[in-house]
Amino acid sequence: MSSRRTAENANSRGRLASTRASSFNRVRGSRRLENIASVSRSSGLEKDGDALKDLRTQEEYRQFIQGKLDSFWARPAHSSDQQSQEIRENILILFRECTLHISAVELDFPGGKLREGIVASKRNDRFSVQVYETSLYLSTIFDNTRQLGSVLAYFIPNRPDTDPTEALSFHTQSANAVLVALVNQLVLGYPSQNACRRSVHAIPGNVLPRASRRWILDLLSSLWARNFSKFEKLTRQTTFIPLIESSSLTTGLGGMSISDSSAIIMPDHDLAEEALCHAIDALRLRVRNSAWKILCSSYRELACHSNSETRDWLVRSLVLAEDHSALEEWLEEKKKAGHVRPKEGVEGRWIVCKVSQ
């Protein structure tokens, strides 16, 4: 994430993680947990093949995963990108569940561990909600669309015939997670808004607060009308950050874990906020690319000299940051791609090259 707010969140979380990682890594039997069998792959035939169906083992395994996650947050910023990607993938694999069709009974296990164990055990309590929430946030922050596809159905109806009250029965207070899920659904379906619009109308009011519902409907309307200036205003952090509730998504849920409440590792407010910011950034990039195609097909030249109204309009239309360098960086990038070139002898004007988009 490039935003200062999310960078501060990550730094703060990293400092906290460094103090917690050692304790989580000393969870009883960590070596056993490292090698615990997957429910789907073992079919209960391997030694301890059904271990993750046990509720206490699930909670112990969740703490084991948290140790790995905390160690990842505490890694230095200059760590290898490839190594970091591998760690992120491994963390998500530990969370991953089977594909669950909410309106169906049968389960299809393509692999995974903790969420797979939760589904296999038919667990329905505060702990299971927490696992899904954290999976959603991490899949968003780590840009893992494959994992997102499996977890989104837990928060939003994934079929026209799905009873929304059935789809959302586990988490009547998960407003933050539902909002993050809806934005992700919009990103994955872009440029179409149909699936997201259906989901918004299907989700009950006690799950999606009025302010959040109004915001995302306005967002959908701006995309449908290609009103990029309105979209830019709606996707400023000052507009959507206040929609994130400060309390945990699952604070009001009944059904504690079978052990004491300390076994519940709640997704923190910063994680929900960072996930929403990340999803919005992904959506802004898609909209920016669409707006650029429209601009290139509509104009032969672009005037971008300082303090011009045209420049300000371009910044808003391309959903760019308001700092002076954002537009220059975008144009330089498009210059390298052969989309534009500077007009000779005229500062701040660019010739649009008619290239296949």
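Mapping of the sequence shown onto UniProt numbering: position 17 corresponds to residue 17, and the numbering continues sequentially without gaps. C-beta atoms are modelled at their ideal positions from N, C-alpha and C, and glycine is treated no differently.
Any chance the stretch 201 to 209 sits against the stretch 297 to 308, with 3 or more Cβ pairs inside 8 angstroms? Because the criterion of three Cβ pairs below 8 angstroms is not met, the stretch 201 to 209 and the stretch 297 to 308 do not touch.
Can you list, in chain order, the residues of its chain with a C-beta nearer than 7 angstroms to that of Ile280? Leave out the 5 residues immediately preceding and following it. Contacts found: Val183, Thr235, Phe240.
With DSSP as the reference, identify every bridge partner of Leu302, one or two as the case may be. Answer is Trp350, bridged to Leu302.
Can you list, in chain order, the residues of its chain with a C-beta nearer than 8 angstroms to that of Thr310? Leave out the 5 residues immediately preceding and following it. Excluding sequence positions up to five before and after Thr310, its CB lies within less than 8 angstroms of the CB of Leu302, Ala303, Cys304, all in the same chain and listed in chain order.
With 16 as the cutoff for other CB atoms within 10 Å, does Arg213 come out buried or exposed? A residue is called buried once 16 or more other Cβ atoms fall within 10 Å of its Cβ, and Arg213 is buried on that count.
Can you tell me whether Ser192 is buried or exposed? The criterion is at least 16 other CB atoms within 10 Å of its CB, across all chains shown. With fewer than 16 other Cβ atoms within 10 Å, it is exposed.
In the DSSP assignment, what are the bridge partners of Arg341? Here Arg341 is bridged, per DSSP, to Ile351.
Ile241 (DSSP reduced to helix, strand or coil): Correct three-state label for Ile241: helix.
Is Leu223 close to the ligand SAM? I mean its beta-carbon at under 7 angstroms from any heavy atom of the ligand. This structure lacks the ligand SAM; in fact it carries no ligand of any kind.
Test item: CB-CB of Ala337 and Val187 under 8 angstroms: Not in contact: Ala337 and Val187 (Cβ atoms no closer than 8 angstroms).
For chain D, check one thing: does any of its Cβ atoms lie closer than 8 angstroms to the Cβ of Tyr61? No chain D appears in this structure, which consists of one protein chain only.
Can you check whether the CB of Gln147 is closer than 8 angstroms to the CB of Leu92? Going by C-beta atoms, Leu92 is nearer than 8 angstroms to Gln147.
Over what stretch of residues does the alpha helix (DSSP H) that includes Thr145 continue unbroken? For Thr145, the enclosing alpha helix (DSSP H) starts and ends at 145 to 155.
Residue of Leu69, Thr140, Lys53, Gln83 minimising C-alpha distance to Leu276: When each option's Cα is compared against that of Leu276, the closest is Thr140.
Expressed to the nearest angstrom, what Euclidean distance is found between the alpha-carbon atoms of Ser317 and Cys296? Cα to Cα, Ser317 sits roughly 12 angstroms from Cys296.
Can you tell me which of the three DSSP states Thr140 falls into? Of the three classes helix, strand and coil, the one that applies to Thr140 here is helix, per DSSP.
In whole angstroms, give me the CA-to-CA distance for Ala291 and Phe127. The alpha-carbon of Ala291 is positioned some 43 angstroms away from that of Phe127.
Drop a sphere of 10 angstroms on the beta-carbon of Glu344, count the other beta-carbons inside from all chains shown, and report buried for 16 or more, exposed for fewer. Here Glu344 is exposed: its Cβ has fewer than 16 other Cβ atoms, across all protein chains shown, within 10 Å.
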